[in-house]
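Peer 1: For reference, the structure I am asking about is given below.
Residue numbers (mature numbering (1 follows the signal peptide of the UniProt record, and there is no 0)): -23 to -1, 1 to 128.
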């Protein structure tokens, strides 16, 4: 059920980004997306594709029972409480659709119960991957994954 909700949400984010590109007004001030970060060591930006090429994008997130995921795209975002279930969603996008601005934030208030993880693959290649079980100053742990700009 949660996969269907998030899948629908990602589709809605795609439509919202397309609508934004066409000049429609965005919704009233949404909270800002999580801060962006560079790719983890061992990951790299996908190579620039040919115009109109289709790409398979896969987003995975996991963590302890209280893990919350936030997916941001085109100035819009959605939040999902994972309730200890891993999230794994794959979709296809065409070049120029805005898929490169997707970012994923995941966080937990109980990192002692296990690491929080996120990863993004494009066409089967890991382009962003993060994991941590180290608490910050408030005792929480979070990670951010985003698709890096092509070289």
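All C-beta atoms, glycine included, are put in the ideal place defined by N, C-alpha and C.
1. Look at residue 34 and residue 67 and say whether their C-beta atoms are less than 9 Å apart.
2. Using the beta-carbon count (16 or more within 10 Å), is residue 125 buried or exposed?
3. Report the residue from 42, 59, 52, 71 whose alpha carbon sits nearest the alpha carbon of residue 99.
4. For residue 89, name the three-state secondary structure that DSSP assigns.
5. Run through DSSP, which three-state label would residue 77 get?
6. Rounded to whole angstroms, what is the Cα-Cα separation between residue 76 and residue 105?
7. Rounded to whole angstroms, what is the Cα-Cα separation between residue 64 and residue 73?
8. Which residues in the same chain as residue 61 place their Cβ atom closer than 6 Å to its Cβ, once the five residues preceding and following it in sequence are excluded?
9. For residue 123, does the three-state DSSP call read helix, strand or coil?
10. Can residue 44 and residue 84 be called in contact, C-beta distance under 9 Å?
Peer 2: Working from what's here:
1. Taking the chain shown and counting its residues from 1, the one referred to as residue 34 is at position 57. Taking the chain shown and counting its residues from 1, the one referred to as residue 67 is at position 90. Result yes, Cβ atoms of residue 34 and residue 67 sit closer than 9 Å.
2. Stepping through the chain shown from its first residue, residue 125 is reached at position 148. Classification of residue 125: buried, given that the 10 Å Cβ count is 16 or more.
3. Numbered from its first residue, the chain shown carries residue 99 at position 122. Closest by alpha carbon: 71.
4. The sequence position of residue 89 within the chain shown is 112, counting from 1. It is helical.
5. One-based indexing of the chain shown puts residue 77 at position 100. Correct three-state label for residue 77: helix.
6. By one-based count along the chain shown, residue 76 stands at place 99. By one-based count along the chain shown, residue 105 stands at place 128. Rounded to whole angstroms, residue 76 to residue 105 spans 14 Å at the Cα level.
7. In the chain shown, the residue the question calls residue 64 occupies position 87. In the chain shown, the residue the question calls residue 73 occupies position 96. Whole-angstrom Cα-Cα distance: 25 Å.
8. On the chain shown, residue 61 is found 84 positions in, with the first residue counted as 1. 42.
9. As a first step, residue 123 must be located in the chain shown, where it is residue number 146. Correct three-state label for residue 123: strand.
10. Translated into the one-based positions of the chain shown, residue 44 becomes position 67. Translated into the one-based positions of the chain shown, residue 84 becomes position 107. In this structure, residue 84 lies closer than 9 Å to residue 44 by Cβ.
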